[in-house]
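Top line first, the protein sequences correspond to chains X and G.
If you're matching positions, the first sequence starts at 223 in our numbering and goes up one per residue.
If you're matching positions, the second sequence starts at 223 in our numbering and goes up one per residue.
Backbone N, C-alpha and C fix where the C-beta goes; we use that ideal spot for every residue, glycine too.
Because the structure is a prediction, the values reported are computed rather than measured.
Protein chains: 2
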Amino acid sequence: MQNLKKRNVIVGQSGGPTSAINSSLAGVFRTAKERGYAKVYGMIHGVQGLMAGKYIDLSEHIQNGLDEELLKRTPAAYLGSCRYKLPKIHENMETFKKIFQILDDLEIDCFIYIGGNDSMDTIQKLSDYAILTGSEIRFVGCPKTIDNDLALTDHTPGYGSAAKYIGTSVKEVIRDGISMEMPHGMVSIVEIMGRNAGWLTGAAALAKGEDCPGPDAIYLPELPFDVDKFVAKCEDLLKVKNSVVVAVSEGIKTADGKYVSELGGGADYVDAFGHKQLTGTARYLADLLSSKLGCKTRAIELSTLQRAASHCASRVDILEAYEVGGAAMKAADEGDTGKMVVFVRTSDDPYQANTEVKDVHKIANDERLVPREWVNEEGDDVTPRFITYVRPLIQGDVAPIMVDGIPRHLAKPGFINML
Amino acid sequence: MQNLKKRNVIVGQSGGPTSAINSSLAGVFRTAKERGYAKVYGMIHGVQGLMAGKYIDLSEHIQNGLDEELLKRTPAAYLGSCRYKLPKIHENMETFKKIFQILDDLEIDCFIYIGGNDSMDTIQKLSDYAILTGSEIRFVGCPKTIDNDLALTDHTPGYGSAAKYIGTSVKEVIRDGISMEMPHGMVSIVEIMGRNAGWLTGAAALAKGEDCPGPDAIYLPELPFDVDKFVAKCEDLLKVKNSVVVAVSEGIKTADGKYVSELGGGADYVDAFGHKQLTGTARYLADLLSSKLGCKTRAIELSTLQRAASHCASRVDILEAYEVGGAAMKAADEGDTGKMVVFVRTSDDPYQANTEVKDVHKIANDERLVPREWVNEEGDDVTPRFITYVRPLIQGDVAPIMVDGIPRHLAKPGFINML
């Protein structure tokens, strides 16, 4: 299946931005060049941009080692991202014909897509179509998501850096709260991303240490959220401490399936994939507590900050993101298609994990949730097992390259986000 | 006025926490020890805790050089803070008698208070009372506030680190926005602290550089906010770019004096000093834009994070905070009372600033605002003069001391925030 004469590679980024997604891009680029491919194209805004004929020659933008280092430290998708789901092959063959025509015109041998569940769906459909039509283009997925919810992999690049930022920020919020004294106490609710999977919210527990009590409660979206028990717990906590800090997932739901953010009657918003966009879980709970308990409250949404905070990236995460980019390119070069690179952890301490490639059909559209036994019985904290899992992923730092006191990123690409 | 035999020092922290307030505490402690004082007491939760007899011997908590380094990297008031305003002397002489009795019992020569406007009011009243009663205790203020709104000083410790965090985070939010493509565009509104003074909000402009376009508009609280012009500006911006990022102060008001956060009909909350507590300026504007323009919006409140993010502290700020702590102690030791340490800047580039002591009567309760000429004519951006001012204050980093992947702080003092 390997071409003797190597032609070109194209790489794209898709889904929500992370601090590590560009490190994977750098890994793909480096390995493609090392393995002798002529050109490495970048899709602008993913497969959606590609269909509109938008792509660049990456060599014009990553010109030297410093550019590569800056790229590794640049948050969000350098090439631009998209949230576009391909139709089913039999429903709209034209879309696939169009994409393959563009790929053939560009003399593409390997197509690498960096993204999460929805992006792996794209890899699956394109590789299926290639088989149907006898195309020899190889399609390989490179995992990326702060949500850490991809199936079959131990974890996903992007998660470690977000977890490190969350642990660090929650620790700072706790210390801030401790320093104040409020007449009726204060409850700070920190709202963390993760619609269905509590990997990010659980990372709030990283704040706990010899110098910090950690959050007083953590609520993951995997378990039903009991509003009354929550209020009672906060009331009890306020009897013994002046400042209470609670971490909640944006996606917590009551037993009857209602998002807590909807209890206040807020508007819904559904994205292209049918996911509900949520806001205001922390705000709702904070308002509820102040009316029920008379305490001061704060609603703190980590929002975009938690997925873009490359100034606080994990070294393990950034290096692993680079590694999976290279591994995806290597797999495609060696003939794999319809595959995604995954991590298999062989040891927690010392931490060791290897990359493997797995069939993307077993991955796409399947969410990996936090195991029930990694949450305590009451459902309001993670267990030490969770910490053992996440701790290795946040180790080490990637010192930002500071210019004039602010972290430098690779130059804003003029080709994206313009009308 | 100097005692030949030196007795003890007491130091307290007051007002809103910052990333640098503990560095000043470390500076006071170090200089007091070097100048031969027997004990350095710390008030627990400021003068309010002191009145309840709450204080510690700081030597028991800062035992070595590593403790001091950790203290410099620990956000929020290590000793606990308070928001307590002393009565006027003639209104309640008993309060002052009580405080001075405690100070006399502790054999205090020097009283150092680290804080903002309200804390300088405390220094003023206590030093006035000392004069009235012939007490020889010296009272000196050490400036601290992320708001940077103290009179007579070029800037205040705490501001530089908050400004660095704001510039860094806004830059990351901009990059995140650029990477996405939204059908009808997206406007992200970043809400920044500062009731009346726009120093922090203006720091969003630090995001701008060769690699980043910077925020598209910046609205300080010093100028009236025109809602219609704001909507029109966003509409125009969305015609030429897909992602718009706007920085707003929490305290922006319309021409008739109404807080924007009140336009949505939210509840008011007034703190002990009669300040209105504001939330929801960004949320209100985001909801307004999505209804008027049909674009996607994001409301991002930097909230507590911006004043507690010691992981992203400015080296200039942390070192200057240490310096003013030492200078306050030195001034008190040398006989000054009723004074505050201030910075006098002698050069922007290379940056040079010296400490001086000024009469606290000229400082207390007087807010320093951003000069009108440091904002552009349209009132929606800061000028290069503003950047020249703030740039030196965010230079350099204070590498966190990382333990298990998370910044280490000085051990949580068991004596604060307990009931």
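Query, Result
"C-beta neighbour in chain X for Val468/G, strict 7 Å", "no"
"Test item: CB-CB of Asn418/X and Glu589/X under 7 Å", "yes"
"CB contact check: Ile368/X to chain G, cutoff 7 Å", "no"
"Any C-beta of chain G under 7 Å from that of Leu527/X", "yes"
"Sequence-distant residues of its chain with Cβ nearer than 7 Å to Thr503/G (five each side left out)", "Glu413, Val470, Glu472, Ile474, Val482, Ser483"
"In chain order, each beta strand (DSSP E) run of at least 3 residues that lies wholly inside the segment 569-641 of chain X", "573-581"
"Delimiting residues of the beta strand (DSSP E) encompassing Arg360/X", "360-365"
"Buried versus exposed, by CB contacts within 10 Å (16 or more), Glu282/X", "exposed"
"C-beta neighbour in chain X for Leu394/G, strict 7 Å", "First, the residue type needs correcting, since residue 394/G is Glu and not Leu in the sequence shown. Answer yes: the Cβ-Cβ gap between Glu394/G and chain X drops below 7 Å somewhere."
"Neighbour flag for Asp433/X against chain G, beta carbons, 7 Å", "yes"
"Proximity of Gly237/G and Asp343/G at Cβ, strictly below 7 Å", "no"
"Spatial distance of Gly548/X from Val250/X (CA atoms)", "5 Å"
"Distance CB(Ser536/G)-CB(Ser383/G) smaller than 7 Å", "yes"
"Contact list for Gln659/X against chain G, beta-carbon separation under 7 Å", "Beyond the ends of chain X as shown, which are 223 and 641, falls residue 659/X; an answer cannot be given."
"Alpha-carbon to alpha-carbon, Pro437/G and Ala427/X", "33 Å"
"Classification of Ile334/X by the beta-carbon crowding that lies within 10 angstroms, buried from 16 upward", "buried"
"Minimum C-alpha distance to Leu179/X - residue among Thr605/X, Leu293/X, Val579/X, Arg360/X", "Lying outside 223 to 641, the shown extent of chain X, residue 179/X is not represented and no answer is given."
"Cβ neighbour criterion (16 or more within 10 Å) applied to Asp243/G", "The identity of residue 243/G in the sequence shown is Ile, whereas the question assumes Asp. Counting Cβ neighbours within 10 Å, Ile243/G comes out buried, since at least 16 surround it."
"Environment of Asn587/G [buried if 16+ CB atoms lie within 10 Å]", "exposed"
"Proximity to Phe318/G [Cα-Cα], best of Ile388/G, Phe452/G, Asp350/G, Val566/G", "Asp350/G"
"Range covered by the alpha helix (DSSP H) that runs through Phe318/G", "315-327"
"Three-way DSSP call (helix, strand, coil) for Glu472/G in this model", "coil"
"Leu515/G versus Ala454/G - alpha carbon distance", "9 Å"
"Bridge-paired residues (DSSP) for Val482/G", "BP columns for Val482/G are empty, so no partner."
"Any alpha helix (DSSP H) of 4 or more consecutive residues that is wholly inside the segment 259-344 of chain G", "268-273, 287-294, 315-327"
"Proximity test, Cβ basis, 7 Å: Ala419/G and chain X", "no"
"Same chain, Cβ closer than 6 Å to Leu308/G, five either side skipped, listed in chain order", "Thr344, Lys347"
"Arg505/G versus Met408/G: straight-line alpha-carbon distance, rounded", "14 Å"
"Alpha carbon of Glu457/X to alpha carbon of Gly636/X, nearest angstrom", "53 Å"
"Inter-residue Cα distance where the pair is Asn576/G and Pro379/G", "13 Å"
"Whole-angstrom distance between Glu542/G and Val592/G, CA atom to CA atom", "21 Å"
"Continuous beta strand (DSSP E) stretch holding Thr519/G: start and end", "518-523"
"Residue span of the beta strand (DSSP E) that contains Ser410/X, given as start and end", "408-414"
"Where Lys561/G falls: helix, strand or coil (DSSP)", "strand"
"Contact test: Val233/G Cβ vs the ligand SAM heavy atom, cutoff 6 Å", "With respect to the ligand SAM, the structure offers nothing, as it holds no ligand at all."
"Contact under 7 Å by Cβ, Asp376/X with Arg529/X", "no"
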